[in-house]
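Numbering (this note's numbering), first residue to last: 43 to 153.
Beta carbons: idealized from backbone N, C-alpha and C, even for Gly.
Since the model is a prediction, treat every value here as computed from it, not as a measurement.
As structure tokens, this is what we get:
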């Protein structure tokens, strides 16, 4: 229970100031997300999403927020492509169920 309270305290009542060529004047509330670069982000990600990755034989998946790397070592290019397409589709569906989207335009296949 202590950890939940600690995480809640880190993510609530946050404020920011925007500074443009003049001294900052007003604090604005921040109501979404974790602070950029915060060490808590990776830990929350692992708790929330990483356990939902499907497993495939001979594949390794590493992801962080909306970045995903899938490595496959099957015997043929066709087998690798099919396995990677299946895996990516599976990760996309599971992410959608959790409200997380992976960027398709950033997707590439490297042989």
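Distances from the alpha-carbon of residue 56 to those of 149, 78 and 86 put 78 closest. Annotated three-state conformation of residue 71 is strand, per DSSP.
In the DSSP annotation of this structure, the continuous segment of the alpha helix (DSSP H) that includes residue 134 starts and ends at 119-140. Beta-bridge partners assigned by DSSP to residue 103: 112. It is roughly 15 angstroms from the alpha-carbon of residue 60 to the alpha-carbon of residue 73. The beta carbon of residue 122 sits closer than 7 angstroms to those of 114 and 116, all from its chain and outside the five residues before and after it, given in chain order.
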